[in-house]
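Report on the following structure.
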Amino acid sequence: MRTFWLRPPGKLFFVLALLLQSLFGIAQQPTFPVNGVADPRARTYAFTHATIVKDGQTTLANATLVISEGRIVAAGTTAEVPKDAVVIDCSGKYIYPSFIDIYSDYGIPAPERKKGGFNFRGPSQLESETKGAFGWNQAIKPEVDGSKLFVVDEAKAKSLRDAGFGSVLTHQKDGIARGTGVFVTLADEKENLAILKEKASANYSFNKGSSTQSYPTSMMGSIALLRQTYLDAQWYKSKPAQEGVNLSLQAWNNNQGLPQIFEANDKWNDLRADRIGDEFGVQYIIKGGGNEYQRIDDIVATKAAFILSLNFPKAMDVDDPNNARFVSLADMKDWELAPTNPAALEKANIAFCLTAADVKDPKEFITNLHKALEYGLSEAKAFEALTKVPASLLGVYDQVGSIDAGKIANFLIANGPIFNEKTAIIENWVQGKKYEVKEGEWSDARGTYSLAITSPSGASNYAIDVKSNNSANVIGKDTLPAKFSFDGKIVKFSFSPSASQKPMVHDKDAQPAPGKEKFNGGLPGSGAVVLLSGVANGNTWSGNGIDTAGNQITWSASLIKAAGAETEKEKKKQEPKIGKVLYPFDGYGWDELPKPETMLIKNTTVWTNEKEGVLQHTDVLIRNGKIAEIGKDLPGASAKIIDGTGKYLTAGIIDEHSHIAAASINEGAQSVTSEVRIGDNLNPEDINIYRQLAGGVTSSHILHGSANTIGGQTQLIKLRWGADDEGLKFRNWDPFIKFALGENVKRTTAMGNNRFPDTRMGVDQVLVDAFTRALDYERQWKTAEENNKRKGAKPVVIRRDLELDALAEILNHKRFITCHSYVQSEITDLIRVADRFGFTVNTFTHVLEGYKVADKIKAHGSSTSTFSDWWEYKMEVQDAIPYNASIMQRMGLNVCINSDDAEQARHLNQEAAKSMKYGGMSEEEAWKMVTINPAKALHVADRVGSIKVGKDADVVLWSDDPLSIYAKPLKTIVDGTVYFDIDRDEAARRYISEERNRLIQKMIAEKKSGAPTRPATPSFNVLLSCGDHGHHDGLITVDVSDDDMINSN
Amino acid sequence: MKKYLTIITCMSFSVIAFSQADVYPAKEYKGKLFIANGTVHVGNGQVIENATIEVNDGKIVQVGTNVTVPQEGAKVVDAKGKQVYPGLILSETDLGLKEIGNGVRGSNDYLELGDLNPNVRSIVAYNTDSKVTGTLRANGILLAGITPAGGAISGSSSVVQLDAWNWEDAAYKMDNAIHLNMPSFINRPNRFAIFFGLPIDNTDPTKKALEKMDELKSFFRQAKAYFEEPVHKQTNLKFEAVKGLFNKSEKFFVHCNEAKQMLAAIDFAKEFGFEVTIVGGSESFLIADLLKQNNISVILQQMHELPSTDDDDYDQPYKTPAVLQKAGVLFAINDNHEESRYRNLMFNAGTAAAYGLTKEQALEAITLSAAKILGVADRTGSLEPGKDANIVVSDGDILDMRTSIISKAFIQGREVSLENKQTQLYERYKYKYGLK
């Protein structure tokens, strides 16, 4: 037998394990044949004299827990001990319901990933590779059933049990719709018995995981795909003949009754997921990202329950200042503040569970749980988050989550209050079966013992002062330090009888197994020690050993006095010293969001952009976010006075073509993606918002990229630095959509393009086809609606198509196009397509050959938005000229100058000024190209773009003539709120420097204290772009552009 | 004012005269040329109001307020009310090597295969007929350092003047510098990895960089030993190509942006005694004093870039020149903006002037300092006697786009055409629409 145990787990081990299981095993499944003699047992146990924490509310002292056949029979102070019960005395022990992890993939095989390199310029995969009667998208697989995949994995189960878990919800973490999760115990049993609930959840995410299909390539694509699937599933209920059998949609519908869990993994994604839920009447349980504390008010508003993992970031190794430099203050602060996340949710009264899902080792979960408690999480809340909350969310609180009669016997026996750092879990019982965790902690050996040693030379007596299971002193005449160990059963110790002689220290691990002590005939010399070994029986120990001379001896010891109650002084919990949360979570963020002010800008030069032109020595009053008065010597009254002497006040810059402040820009997997919306994935923490405020920009039109002919819906924003994603949006604006033509949409730089179109001829047909489909779609809806109004008519159900909805809006003049375009042929073609379908192309953007067809654009009625002087970076811009804006302006077009680049947007004033050099435009006309003209192009000229009473107070105070290269914005004001102030910027720089230093010192101290660290990781900034050209980004910026994303999988 | 108008008229006439024909390089100008009564920005910080420049056979003879302009026998350009500058210098560029960067591979000759290519020479591939060149001349940019890219050692650059029939005509100083790309001390994650949250490369970037450094140093150590051989058994073209670094006839241009890379570059200078210039220098503001102490000059590649980190001052790239100036570092400002194609050199300098430099210091960074760094300061970079008459006349402040309107430009005294493909297209479509 022994040899079996010593072998590594293998076939023999397995056989042995099976054997043991059938010998001592729990239940016998009636349908399974028995090899040998049946051994049915009731397995009734009574745990007496325990402190039983039944649930968050009830704790019973000196109580009894009775379990039988895997279930709790009784728990209480008066519970009767059945005669047939095995009684376990739990004096001094605590019994808790074992923990529940709601976000596990325990026992579920990882999805297979397609091997091979990642070729972003390779061909697209337009169709799903999943074989069978499933849906069109490989990432939507609601049909995946966790219970069919689940296999007991004892090694993993043990690590979870050791951390206190008894049951988990497990599912395959792969894809956007991930199918159903199965609720299982961590018992080492046949799967048939470990499964408590086959379908306990439906799971979702934004990440397409192992799907190799091109669509979706973006956050907004994932969102659109989910939204469309909700609609399709609804429509599928009408059993549409055209769809046949769609097992994915069928499963989707079947799963709707289950708890819906969404893995969002980031605070903004939490909100994005919740909005999808709101639209379709679903309240997701959201798996958060650990940074919810950074936007707690928004998190509260979701009304969702959250799942939090405790994978707090480790300190970085920042000894080298050149490495530390690339770590952003935001990342350092997150390191410091992440442990406050659970406490922040508690404080905000948000229901949440805790999961060990993202920590490498469940042990780390416990360490970090203590950290979370240190950072303000209450023990009661932590307990609930691991028991009642997950059980209730999953509808299994009748089975697990508390110690109540009738529930499954999943409980922990601990040697103290569970959240004490010194407490150890001794045993974790799952389904009424014992699993040892730290059996040695079962007995508390601490106390004073009398020790009697009998040797050939006579008896001697000592006292032993046992301080812990690993440390004790032997007391004779003197206190003799001893090497001591007690594992609950076997006690071993050695000591030197003479105080001057130190006990010989020998390697603990090298000690031979009990009963196999290797006697070496005593230890020579003055350092000789007495070696003793024995077994415990209650409070008395006895055994044998050898004395210093090598003589065989026997000994016994019995407890005289147990150690007193924890004398440890209740340490005043020191509140950890931590920095503050900033909005946005960036060095330049605010402690408190700025508010609109009443301001009087006095005696300044005002460029009105109105018929009044430039006004000298003029005052402008801003009140309630609006421009209230313009005039000379306006009374100041209660207003904050700003001296504008020698300075210039203008309307804020409006960037018609920008790609900042979004989580994704291109959904390039298909040629028509009008279903995606930039507004679904705004990123209000993009530092470029702040940098552009410092360049005088107040509004930006965030466009989809140019990866495809019909791109996504755009979003106009105001640069309200500090607002959340919804707060950035420009309110009440006409919706727009991005189109694109030419090289990018035909994937010029890709190899082996297989996505239609590959030529401008094909682009034309993509357009014609899309609008033709949209017209047919509209007609179908009308016909169906008329039919459905008729009494007695069989109702016709039409599939709602988000893609065609947006195109129909264009046809109905409710959505407007801004189209990326370069050469004259494609510009003319889109005009003709628009003419044919009866709408106007609102804006041609880039439009570098606009000067060649300015007359046609004028006749069609489009605005134009161009670069000042870009050219010759690709074939289609060979004929671009810097006189383009001037010619188009002289031809009577509404002309804007845009950035399309996060850096360029910082000096659009200079870009506008270039038209004075190229083409001799007047200063005021040049200025309008970045203010009132884009306001007109975007249909918001009634509110922004000029300085006029009643308009939004979106203004910039400049140090110099705004078109001068020497001009700097001093204040940038949006809605009467100062979002950029050059003096406040100075203060922010000082703050960043001090705060960085504080955190670097703190991380270094952490490293010195021996805590694990990770290498300093540069805080890379992902910059998204049109994909049209190279960029001029910072050192640690990573540019993700469309070509690259088209085929990313 | 009247005179001013006349000049304007003359100017537009000359444009029309050229517009029907193609653009020709100007013929050699023999004899005297006077650029009279302008505000002369010498390029060394000095400004002389109402000054005249006398040129003879392409060289500047004198500059001052007391130069007498003869009535006859000389070409005279009236620069009254105008600003006169040295020809601007684009220090480091792929002009003439890369025509259309994206999607037209056949038009590109800037990046060679291989890692150690000191023997590769940019000048032999320099295309004088690039459509971009004319747009630079029209903005007063008259000289450029044509630089190869790729590998660890990319090859040698040459300085050209921008009005020539072929590369031999264009060559102003052949093989002025050998270019090295310093390995990075940061692991740049795969951009997709970041986007998709995949794990990023965890190998120690410093170790990797130092290994690469060792490899590069070993190349130069062996080259040095090679030069000591009395007779070469076998000729090594790569070693031969770096001889100029050791005899100081060539400079060593190290392309890097991170502080650590620059420290490594200083190490190169110390070990081999090369004359080192940092090309890039985003983080040079962190170690300006060290650069000065070690006599390292800097070409700031791109003023209009985003700050290196989220926490950096938003205007850090704009004010870095002022930091270098204060520390006494020799630096040039460059323009490598791929989309506007290098024509905004003077506005990059203008931005530096808005953020801490004086206008004349900013000008120096695109004229005399650039010439010093490229090794051509004995012949150009300032309007001083003995130098080539590389001169630009602007209507106003050349650093500010509102007034940076170039009316005349001279290379070695030759008045070069300011016409280019873009001005021709402008004329063509004004004609179509009947615009004046």
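These protein sequence lines map, in sequence, to chains A and B. The opening residue of the first sequence carries number 31 in my numbering; numbering runs sequentially from there. The opening residue of the second sequence carries number 13 in my numbering; numbering runs sequentially from there. Glycine included, C-beta positions come from ideal geometry on N, C-alpha and C.
Thinking residue i and residue j are a contact (beta carbons under 8 Å), I'd like their distance in whole angstroms, please.
| i | j | result |
| --- | --- | --- |
| A:A965 | A:G975 | 3 Å |
| A:I455 | A:A587 | The Cβ separation is near 28 Å, so there is no contact. |
| B:I47 | B:V89 | 5 Å |
| A:S197 | A:T215 | 5 Å |
| A:L199 | A:S134 | 6 Å |
| A:G655 | A:P624 | That pair is no contact at about 12 Å. |
Cα separation between residue i and residue j?
| i | j | result |
| --- | --- | --- |
| B:A33 | B:L437 | Per-residue confidence for B:A33 stands at a pLDDT of 42, beneath the threshold of 50, marking its modelled position as unreliable; no derived number is given. |
| A:R71 | A:D114 | 11 Å |
| A:P101 | A:D328 | Looking at the sequence itself, residue 101 of chain A is Arg, so the reference to Pro does not match. Each residue's alpha carbon lies about 42 Å from the other. |
| A:V827 | A:H843 | 26 Å |
| A:F54 | A:L255 | At A:F54, the pLDDT of 43 sits below 50, so the modelled position is not reliable; the number obtained from the coordinates is stated separately. Going by the C-alpha atoms only, they are around 51 Å apart. |
| A:N371 | A:G609 | 14 Å |
| B:Y443 | A:D909 | 16 Å |
| A:M534 | A:Y405 | Bear in mind that the predicted position of A:M534 carries a pLDDT of just 42, short of 50, making it unreliable; the figure below should be weighed with that in mind. Computed Cα separation, rounded: 43 Å. |
| B:R308 | B:A364 | The displayed chain sequence assigns Ile, not Arg, to residue 308 of chain B. Spanning the two alpha carbons is a distance of roughly 20 Å. |
| B:Q434 | A:H687 | 24 Å |
| A:R302 | A:L261 | 18 Å |
| A:S556 | A:S487 | Because the pLDDT at A:S556 is just 49, under 50, the model does not fix this residue reliably, and the value given afterwards should be weighed accordingly. Taking the straight line from one Cα to the other gives about 19 Å. |
| A:D1015 | A:G676 | 21 Å |
| A:T478 | A:N503 | 10 Å |
| A:S98 | A:R305 | 47 Å |
| A:A169 | B:G293 | 45 Å |
| A:T89 | A:V83 | 4 Å |
For residue i, decide whether its Cβ has a neighbour in chain E, counting only Cβ atoms nearer than 8 Å.
| i | result |
| --- | --- |
| A:T778 | This model lacks chain E altogether; the protein chains it does include are A and B. |
Taking the alpha helix (DSSP H) that residue i falls in, what are its first and last residues?
| i | result |
| --- | --- |
| A:S268 | It is not in any alpha helix (DSSP H) - A:S268 carries neither H nor E in the DSSP assignment. |
| B:K44 | Element bounds for B:K44: not the alpha helix (DSSP H) but the beta strand (DSSP E), 44-53. |
| B:F251 | 249-253 |
According to DSSP, which residues form a beta bridge with residue i?
| i | result |
| --- | --- |
| A:I15 | Because residue 15 of chain A is not part of the residues shown, which for chain A are 31 to 1079, the question remains open. |
| B:N68 | B:K44, B:K71 |
| A:I732 | A:S688, A:Q745 |
| B:V172 | B:A156, B:A183 |
Taking the beta strand (DSSP E) that residue i belongs to, which residues open and close that run?
| i | result |
| --- | --- |
| A:Y678 | 678-681 |
| A:Y126 | 124-127 |
| B:Y443 | Segment 433-445 is the alpha helix (DSSP H) holding B:Y443; no beta strand (DSSP E) there. |
| A:G575 | 570-576 |
| A:H843 | No beta strand (DSSP E) holds A:H843; DSSP gives it neither H nor E. |
| A:Y75 | 75-83 |
| A:S235 | 225-235 |
Checklist entry - Which residues, in order along the stretch 669-701 of chain A, keep a beta-carbon less than 7 Å from a beta-carbon of chain B? => result For the stretch 669-701 of chain A, there are no residues whose beta carbon sits under 7 Å from a beta carbon of chain B.
Next on the checklist: Taking beta-carbon pairs under 7 Å, can you tell me which members of the stretch 416-428 of chain B lie near chain A?
Outcome noted: Cβ contacts with chain A come from S416, I417.
Item to check | Contact list for the stretch 350-370 of chain B against chain A, Cβ threshold 9 Å | outcome: Residues passing the 9 Å Cβ filter: E350, E351, S352, R353, R355, N356, F359, G362, T363, A365, A366, Y367.
Next on the checklist: Along the stretch 870-904 of chain A, where does the CB come closer than 9 Å to a CB of chain B? Name the residues.
Outcome noted: Residues of the stretch 870-904 of chain A with a Cβ closer than 9 Å to any Cβ of chain B, in chain order: Y881, K882, A884, D885, F897, S898, D899, W900, W901, E902, Y903, K904.
Next on the checklist: Give me the subset of the stretch 372-400 of chain B whose CB atoms are less than 9 Å from a CB atom of chain A, sorted by chain position.
Outcome noted: Per Cβ criterion, the list is empty.
Item to check | Where the stretch 1033-1057 of chain A meets chain B: residues whose CB sits under 7 Å from a CB there | outcome: The residues in question are P1048, S1049, F1050, N1051, V1052.
Next on the checklist: Can you pull out the residues from the stretch 995-1020 of chain A whose beta carbon lies closer than 8 Å to at least one beta carbon of chain B?
Outcome noted: Those would be I995, Y996, A997, K998, D1015, R1019, in chain order.
Checklist entry - For the stretch 272-289 of chain A, which residues have a CB atom closer than 7 Å to at least one CB atom of chain B, in sequence order? => result Listed by position along the chain: nothing, the set is empty.
Item to check | Contact set between the stretch 302-328 of chain B and chain A, restricted to residues whose Cβ is under 7 Å from the partner | outcome: Residues passing the 7 Å Cβ filter: Q314, H316, E317, L318, P319, S320, T321, D322, D323, D325, Y326.
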